[in-house]
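J.: Numbering (this note's numbering), first residue to last: 6 to 262. Ideal Cβ placement from N, Cα and C applies to all residues, glycine included. Predicted, not measured: the structure shown is a model, and the values here were computed from it.
And the structure:
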């Protein structure tokens with residue numbers, strides 16, 4: 006059973022976080038979304054308060070778990086939003102015809118050749134550092150210089166982020182036991198396939214123009230795989246538009262779902 010945080014009223018909207026995150030990854034946009042929707046923010050298996058399952062160290066295992074959750078909770082066809090690995094998961098569910106309208110923010114899975122090594126090696130080094138720094142993360146997150154250094158790859162303006170948001174996310178990265186296995190699986194696995202199934206609702210792909218983890222050139226591959234998807238550039242955002250441009254992210258999500 007997945008840990009779920011529910012808030013707000015209205016039509017349901019499922020939120021799926023990225024690698025190493027939790028439902029708290031959406032803190033910057035939750036109030037804006039919950040003002041008009043019933044938001045269902047989950048912790049993926051092996052993340053947050055959801056225990057890992059035997060296959061939770063693989064992308065396919067996470068897809069299976071979320072697909073099972075949709076069936077168990079009578080949420081097949083629900084509008085869904087994902088970030089990073091969660092965005093790729095959203096696209097895969099759309100390809101299978103299991104969700105309604107979907108918004109994928111900076112999805113992984115569209116790297117080629119050396120980009121795979123870059124993705125793997127930079128995150129592998131980062132997670133080892135975070136685990137060593139874990140006792141000091143709350144303090145480091147309060148200082149502009151250190152949170153800028155720690156999140157330079159993920160945010161276009163980490164100095165502007167809330168210390169609490171940064172501390173929660175970095176601690177979640179450090180505490181995710183399946184992080185290493187998932188990182189290997191994502192880096193070595195096949196590219197994400199498309200397109201969205203006819204049974205799914207309209208798909209939207211959003212991409213940060215200053216994404217340093219999944220560079221903007223990968224967006225063209227995503228557009229080729231999902232040619233009927235609406236595309237939106239977050240010009241001043243890094244890998245997480247809900248952090249760097251939260252108001253624009255809320256407006257896009259509500260408009261497209």
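1) Bridge partners of residue 43, per DSSP?
2) Can at least three beta-carbon pairs, one atom from the stretch 116-123 and one from the stretch 139-157, be found at a separation below 8 Å?
3) Alpha carbon to alpha carbon, how far is residue 237 from residue 80? Give it in angstroms, no decimals.
4) What residue from 6, 106, 169 has the CA that sits closest to residue 233's CA?
5) Thinking C-alpha only, which one of 65, 257, 158 is nearest residue 215?
6) Can you tell me whether residue 225 is buried or exposed? The criterion is at least 16 other CB atoms within 10 Å of its CB, across all chains shown.
7) Can you tell me whether DSSP reads residue 213 as helix, strand or coil?
8) Along the chain, where does the beta strand (DSSP E) that runs through residue 11 open and close?
9) Can you tell me whether DSSP reads residue 119 as helix, strand or coil?
10) Please specify which runs of the alpha helix (DSSP H), each continuous and at least 4 residues long, are wholly inside the stretch 140-219, giving them in chain order.
11) Buried or exposed, going by whether 16 or more other CB atoms sit within 10 Å of the CB of residue 73?
12) Whose C-alpha, out of 154, 244, 257, 255, is nearest the C-alpha of residue 91?
13) Contact defined as beta carbons within less than 8 Å: I believe residue 24 pairs with residue 187. What is the distance between those atoms, to the nearest angstrom?
14) Taking only the alpha-carbon atoms, compute the straight-line gap between residue 222 and residue 89 and give it to the nearest angstrom.
15) So for residue 110, helix, strand or coil by DSSP?
16) Within its chain, find whatever has a CB closer than 8 Å to the CB of residue 182; leave out the 5 residues flanking it on each side and keep chain order.
17) Go ahead and label residue 99 buried or exposed: buried means 16 or more other beta carbons lie within 10 angstroms of its beta carbon, across all protein chains shown.
18) Helix, strand or coil: which one does DSSP assign to residue 48?
19) Since residue 262 contacts residue 34 with CB under 8 Å, what's their CB separation in whole angstroms?
20) Is the beta carbon of residue 64 sitting closer than 7 Å to the one on residue 190?
21) Is residue 175 a contact residue of the ligand SAM, with contact defined as CB to any heavy atom under 6 Å?
22) Do you know how far the Cα of residue 9 is from the Cα of residue 164?
23) Look up residue 235 in the DSSP assignment and give the residues it is bridged to.
24) Taking residue 104 as part of the beta strand (DSSP E), name the residues at either end of that continuous run.
T.: With the structure as the only source:
1) Along the chain shown, read from residue 1 onward, the residue named residue 43 stands at position 38. Residue 43 pairs with 17.
2) no
3) Walking along the chain shown from the start, residue 80 turns up at place 75. Walking along the chain shown from the start, residue 237 turns up at place 232. Spanning the two alpha carbons is a distance of roughly 26 Å.
4) For this step, residue 233 is matched to residue 228 along the chain shown. It is 106.
5) Residue numbering aside, residue 215 sits at position 210 when the chain shown is read from its first letter. Taking the Cα of residue 215 as reference, the smallest distance to any Cα among 65, 257, 158 is reached at 158.
6) Translated into the one-based positions of the chain shown, residue 225 becomes position 220. Under this definition residue 225 is an exposed residue.
7) In the chain shown, counting from the first residue as 1, residue 213 sits at position 208. Strand at residue 213.
8) By 1-based counting over the chain shown, the position of residue 11 is 6. Looking at the DSSP string, the run of the beta strand (DSSP E) that includes residue 11 is 8-12.
9) Residue 119 sits at position 114 when you count from the first residue of the chain shown. If DSSP states are grouped into helix, strand and coil, residue 119 belongs with the helices.
10) 142-146, 149-155, 168-180, 184-193
11) Working through the chain shown from its first residue, we reach residue 73 at position 68. It counts as exposed.
12) Within the chain shown, the letter at position 86 stands for residue 91. When only C-alpha atoms are compared, the closest one is 244.
13) In the chain shown, the residue the question calls residue 24 occupies position 19. In the chain shown, the residue the question calls residue 187 occupies position 182. Confirmed, Cβ separation roughly 6 Å.
14) Here residue 222 is taken as the residue at index 217 of the chain shown, counted from 1. Here residue 89 is taken as the residue at index 84 of the chain shown, counted from 1. C-alpha separation (whole angstroms): 15 Å.
15) Numbered from its first residue, the chain shown carries residue 110 at position 105. Three-state result, residue 110: strand.
16) Taking the first residue of the chain shown as position 1, residue 182 is located at position 177. Once the five neighbours on either side are set aside, the close Cβ partners of residue 182 are 51, 57.
17) For the purposes of this step, residue 99 is taken as the residue at position 94 of the chain shown. Buried: at least 16 other Cβ atoms inside 10 Å.
18) Here residue 48 corresponds to residue number 43 of the chain shown, with the count starting at 1. Residue 48 falls in the strand class under three-state DSSP.
19) To locate residue 262, count along the chain shown from 1; it is residue 257. To locate residue 34, count along the chain shown from 1; it is residue 29. No, residue 262 and residue 34 are not in contact; Cβ-Cβ is about 13 Å, not under 8 Å.
20) Counting from one through the chain shown, the residue named residue 64 turns up at place 59. Counting from one through the chain shown, the residue named residue 190 turns up at place 185. Contact flag set, yes.
21) This structure simply doesn't include the ligand SAM, nor any ligand for that matter.
22) Position 159 of the chain shown, counting from 1, holds the residue named residue 164. Position 4 of the chain shown, counting from 1, holds the residue named residue 9. Near 30 Å, if we compare the C-alpha coordinates of residue 9 and residue 164.
23) Taking the chain shown and counting its residues from 1, one reaches residue 235 at position 230. Residue 235 is bridged to 209.
24) Here residue 104 refers to the residue found at position 99 of the chain shown. Note, residue 104: premise wrong, no beta strand (DSSP E); not H, not E.
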